[in-house]
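Going down the list, the protein sequences come from chains A and B. Counting from 8, one number per residue, gives the positions in the first sequence under my numbering. Counting from 73, one number per residue, gives the positions in the second sequence under my numbering. All C-beta atoms in this analysis are idealised placements derived from N, C-alpha and C, irrespective of residue type, glycine included. Because the structure is a prediction, the values reported are computed rather than measured.
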Amino acid sequence: DVKVTQSSRYLVKRTGEKVFLECVQDMDHENMFWYRQDPGLGLRLIYFSYDVKMKEKGDIPEGYSVSREKKERFSLILESASTNQTSMYLCASSETGGALPDYGYTFGSGTRLTVV
Amino acid sequence: GEDVEQSLFLSVREGDSSVINCTYTDSSSTYLYWYKQEPGAGLQLLTYIFSNMDMKQDQRLTVLLNKKDKHLSLRIADTQTGDSAIYFCAERPDNAGNMLTFGGGTRLMVKP
């Protein structure tokens, strides 16, 4: 069964801490994504990556960075956590387009981060 | 524009049919998707439809696609309390590479 695994389901961090959210996929997918989900705002794309060591900003990259040193792992980094980064964080992966059928994204179970 | 729109909330009684609607913007979208998110969990792919289809049925789920109106719907027959969740539609426009554009999600509440 294909999987996207996020290392923590729940996380509580203090303001100013550096926070790492880890995501690993076992499907050999080229593409990986980080979203945050907030009530009333839906899913908002933070960063994505099409290949190892490659990253692209999404819609709300401010306050975040990412790392993709290996194909299977995509890390989201909060350089200095703030209370407005309290949210549900979702990682996803997908194949490069062209494969049929296209199953879209596979999501992890999410990490609920609380910054106090 | 890239807005995919859904109503925020739907409430039905157990055993009734639910219909969740979505309007999308890009007529080039090759695939359209429905994802389900249960409380505290990630999104799971529920079903998808290829743009050359008008309808797809999968057990209790029926997806209808009206390309002319850019309207997608998900019908759940005999809705159960376990169907209570947030449902997201998503499109993959041809010119967006591998990116999906998601709607804001519809929260379905099933009352016993």
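- Closest in C-alpha terms to A/G111, from the list A/N38, A/M61, A/S56 and A/L52, comes A/N38.
- Per DSSP, A/I67 is not a residue of any beta strand (DSSP E), being assigned neither H nor E.
- Residues of chain B with a Cβ closer than 7 Å to the Cβ of A/N38 are, in chain order, N170.
- Just measuring C-alpha positions, the residue of A/F114, A/G115, A/S100 and A/Y96 sitting nearest A/V122 is A/Y96.
- If you check the CB distance, B/Q109 and B/N93 do not come in under 8 Å.
- For B/L82, there are no C-beta contacts with chain A under 7 Å, since the nearest C-beta of that chain is about 16 Å from it.
- Taken through DSSP and simplified to helix, strand or coil, B/Q131 comes out as coil.
- At a C-beta separation below 7 Å, A/G117 has these neighbours in chain B: A113 and G114.
- With fewer than 16 other beta carbons inside 10 angstroms of its own, B/Q131 counts as exposed.
- With contacts defined by Cβ atoms closer than 8 Å, A/D33 and A/K10 form a contacting pair.
- B/A113 has no beta-bridge partner at all, per DSSP.
- Cβ neighbours of B/Q116 within its own chain (closer than 6 Å, five residues either side excluded): K108.
- Burial state of B/A157 is buried, judged by a 10 Å Cβ sphere holding 16 or more other Cβ atoms.
- Against A/L18, chain B offers no close residue; the least beta-carbon distance is about 14 Å (beta-carbon pairs closer than 7 Å).
- Exposure of B/H143 is indicated by the presence of fewer than 16 other C-beta atoms within 10 angstroms of its C-beta.
- Under a 10 Å Cβ-count criterion, B/M171 is classified as buried, with 16 or more other Cβ atoms of the shown protein chains found around its own Cβ.
- About 5 Å separates the Cβ atoms of B/T102 and B/S123, confirming a contact at the 8 Å cut-off.
- The Cβ of B/G177 sits closer than 8 Å to at least one Cβ of chain A.
- Residue range T178 to K183 is occupied by the beta strand (DSSP E) that includes B/T178.
- The Cβ atoms of B/T151 and B/V84 sit closer than 8 Å to each other.
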